[in-house]
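**Student:** One structure, as structure tokens, below. Some questions next.
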Amino acid sequence: MASPDKAVVNGSLWTLPHEVGAYVALLALFMVGVFRLPVLALAIFVLLLVDPLTGNRLLFTWRTPLSEVDLLAPCFAFGALLALYKERIEVGLATVSGLVLLYLLFRSSAYSFYFFYAALFAAILYLSGLAALRKIKPRSDLSYGVYLWGFPVQQTLQWMLPQQGTHFNQVVSLGVTLVLGFASWHLVEKRGIALGQSVIGRLLARQTRHENAAHEGARHGAAPLA
1 MASPDKAVVN
11 GSLWTLPHEV
21 GAYVALLALF
31 MVGVFRLPVL
41 ALAIFVLLLV
51 DPLTGNRLLF
61 TWRTPLSEVD
71 LLAPCFAFGA
81 LLALYKERIE
91 VGLATVSGLV
101 LLYLLFRSSA
111 YSFYFFYAAL
121 FAAILYLSGL
131 AALRKIKPRS
141 DLSYGVYLWG
151 FPVQQTLQWM
161 LPQQGTHFNQ
171 VVSLGVTLVL
181 GFASWHLVEK
191 RGIALGQSVI
201 GRLLARQTRH
211 ENAAHEGARH
221 GAAPLA
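Following full-length UniProt numbering, the numbering of the sequence shown begins with 1 at its first residue and continues without gaps.
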């Protein structure tokens, strides 16, 4: 189309295989019971942190090192770990300030980017939880739809109306993309999240029943020995 790189259809799609792989891995770890042992989950997180820093790959041995991709798994794992330890970790102003200080202390190190991203993500979580911002939170989450549709909309407008210029392209692309993001949220994403929550709820309920049955069986089995 109008892109300088004619082979590129949607520049945003490159992250999707990595995102799907991350969620599949998370589901697999949940199904094998890793999250019942938070220490084991923490060990996996540390391994994901170390993997990009080693000369020899420990986990993703089949993939060619690429700086744009290397940090995706650690960043995803960081968010999963915060969710797993949500009862113990409070992301407040002190947490954000501490992470910023750590980044400033280690900013000249080879792994300063980890402290930068940790501070950035914690700051976003902290700010998004402020009462003033929660009051203006929109009911529809258009972010992912805008991320997916923004590139092809811009390219399509440039292809159809190249004479209109950059500002026209930006303004019209924004309006069209917001509409598509709204439709994407209500027709696909919102329903997909509800389905995922339903499936996870059933899996958790089944796991709880199995654990209760095992405990009950163990209790009755041990009774005659008392």
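The beta carbon of each residue, even a glycine, is placed where N, CA and C say it ideally should be. Quick caveat, the model's predicted, so the values are computed rather than measured.
For residue 225 and residue 217, I'd like the C-alpha separation in whole angstroms.
**Tutor:** Against the sequence shown, residue 225 aligns to sequence position 225. Against the sequence shown, residue 217 aligns to sequence position 217. Only weak support exists for where residue 225 lies, its pLDDT of 45 falling under 50; the coordinates are left without a value.
**Student:** Just how far apart, CA to CA, sit residue 152 and residue 168?
**Tutor:** Taking the first residue of the sequence shown as position 1, residue 152 is located at position 152. Taking the first residue of the sequence shown as position 1, residue 168 is located at position 168. For residue 152 and residue 168, the distance between alpha carbons rounds to 16 Å.
**Student:** Spatial neighbours of residue 178 within its chain, please: CB distance less than 7 Å, with the 5 preceding and 5 following residues excluded, ordered by chain position.
**Tutor:** What you label residue 178 is simply residue 178 of the sequence shown in a count that begins at 1. If we look at residue 178 and ignore the five residues flanking it on each side, its Cβ neighbours are 142, 146.
**Student:** Cβ of residue 43 within 9 Å of Cβ of residue 91?
**Tutor:** On the sequence shown, position 43 is the one that residue 43 refers to. On the sequence shown, position 91 is the one that residue 91 refers to. For residue 43 and residue 91, no; Cβs fall outside 9 Å.
**Student:** Quick check: what's the CA-CA separation for residue 74 versus residue 59?
**Tutor:** Sequence index remark: in the sequence shown, residue 74 carries index 74 (1-based). Sequence index remark: in the sequence shown, residue 59 carries index 59 (1-based). When rounded, the distance between both Cα atoms is 12 Å.
**Student:** Within the same chain, show all residues whose beta-carbon is closer than 7 Å to that of residue 202, passing over the 5 residues directly before and after it, in chain order.
**Tutor:** Within the sequence shown, the letter at position 202 stands for residue 202. Once the five neighbours on either side are set aside, residue 202 has no close Cβ partner at all.
**Student:** Could you give the uninterrupted runs of the alpha helix (DSSP H) lying entirely in the stretch 192-217, keeping only those of 4 residues or more?
**Tutor:** Listed in chain order, nothing qualifies, since the stretch 192-217 has no complete alpha helix (DSSP H) run of 4 or more residues.
**Student:** Nearest-angstrom Cα distance between residue 191 and residue 197?
**Tutor:** Within the sequence shown, numbered from 1, the residue matching residue 191 stands at position 191. Within the sequence shown, numbered from 1, the residue matching residue 197 stands at position 197. About 10 Å.
**Student:** Rounded to whole angstroms, what's the CA-CA distance from residue 144 to residue 181? Just pull it up for me.
**Tutor:** The residue labelled residue 144 in the question sits at position 144 within the sequence shown. The residue labelled residue 181 in the question sits at position 181 within the sequence shown. Their Cα atoms are separated by approximately 7 Å.
**Student:** Just to confirm, is the Cβ distance from residue 72 to residue 45 under 9 Å?
**Tutor:** As a position in the sequence shown, residue 72 is number 72, starting the count at 1. As a position in the sequence shown, residue 45 is number 45, starting the count at 1. Cβ distance not < 9 Å, so residue 72 and residue 45 don't count as in contact.
**Student:** Assuming residue 85 contacts residue 38 (C-beta within less than 8 Å), just tell me the rounded distance between them.
**Tutor:** By 1-based counting over the sequence shown, the position of residue 85 is 85. By 1-based counting over the sequence shown, the position of residue 38 is 38. That belief holds up - the Cβ atoms of residue 85 and residue 38 are roughly 7 Å apart, short of 8 Å.
**Student:** Taking the alpha-carbon of residue 204 as reference, which of 10, 35, 17, 11 has the nearest alpha-carbon?
**Tutor:** Taking the sequence shown and counting its residues from 1, one reaches residue 204 at position 204. Taking only the C-alpha atoms, the option nearest residue 204 is 35.
**Student:** With the cut-off set at 9 Å, would you say residue 48 and residue 94 are in Cβ contact?
**Tutor:** Within the sequence shown, residue 48 is the residue found at index 48, counting from 1. Within the sequence shown, residue 94 is the residue found at index 94, counting from 1. Taking 9 Å as the Cβ cut-off, residue 48 and residue 94 do not qualify as a contacting pair.
**Student:** Check whether the Cβ of residue 177 lies closer than 9 Å to any Cβ atom in chain C.
**Tutor:** Going by chain labels, chain C is absent from the structure shown, which holds only one protein chain.
**Student:** Helix, strand or coil for residue 36, going by three-state DSSP, please let me know.
**Tutor:** Here residue 36 is taken as the residue at index 36 of the sequence shown, counted from 1. Helix.
**Student:** Between residue 70 and residue 219, what straight-line distance do the alpha-carbon atoms span, to the nearest angstrom?
**Tutor:** Position 70 of the sequence shown holds residue 70. Position 219 of the sequence shown holds residue 219. Going from the Cα of residue 70 to the Cα of residue 219 covers about 48 Å.
**Student:** Residue 161: buried (16+ other C-beta within 10 angstroms of its C-beta) or exposed?
**Tutor:** On the sequence shown, residue 161 is found 161 positions in, with the first residue counted as 1. The residue in question, residue 161, is exposed, as its Cβ has fewer than 16 Cβ neighbours within 10 Å.
**Student:** Measuring CB to CB, does residue 113 end up less than 9 Å from residue 99?
**Tutor:** By one-based count along the sequence shown, residue 113 stands at place 113. By one-based count along the sequence shown, residue 99 stands at place 99. No. Outside cutoff.
**Student:** Pick out whichever of 127, 173, 25, 165 has its Cα sitting closest to the Cα of residue 97.
**Tutor:** Taking the sequence shown and counting its residues from 1, one reaches residue 97 at position 97. The residue with the shortest Cα to Cα distance from residue 97 is 127.
**Student:** Excluding the five sequence neighbours on either side, which residues of its own chain have a C-beta within less than 6 Å of the C-beta of residue 12, listed in chain order?
**Tutor:** Sequence index remark: in the sequence shown, residue 12 carries index 12 (1-based). Closer than 6 Å at Cβ, skipping near neighbours: 147, 148, 151.
**Student:** What ranges does the alpha helix (DSSP H) occupy inside the stretch 129-185, keeping only unbroken runs of at least 4 residues that lie completely in it?
**Tutor:** 131-135, 143-160, 166-184, all fully within the stretch 129-185.
**Student:** Would you grab the beta carbon distance between residue 313 and residue 154 for me? Rounded to a whole angstrom, and I think it's under 8 Å.
**Tutor:** The shown model of the chain, from 1 to 226, leaves out residue 313, and the question about it has no answer.
**Student:** According to DSSP, is residue 225 part of a helix, a strand, or is it coil?
**Tutor:** The residue given as residue 225 occupies position 225 in the sequence shown. Any reading at residue 225 needs caution, since the residue's pLDDT is 45, under 50, leaving its predicted position unreliable; the model's value is listed next. Reduced to three states, the DSSP call for residue 225 is helix.
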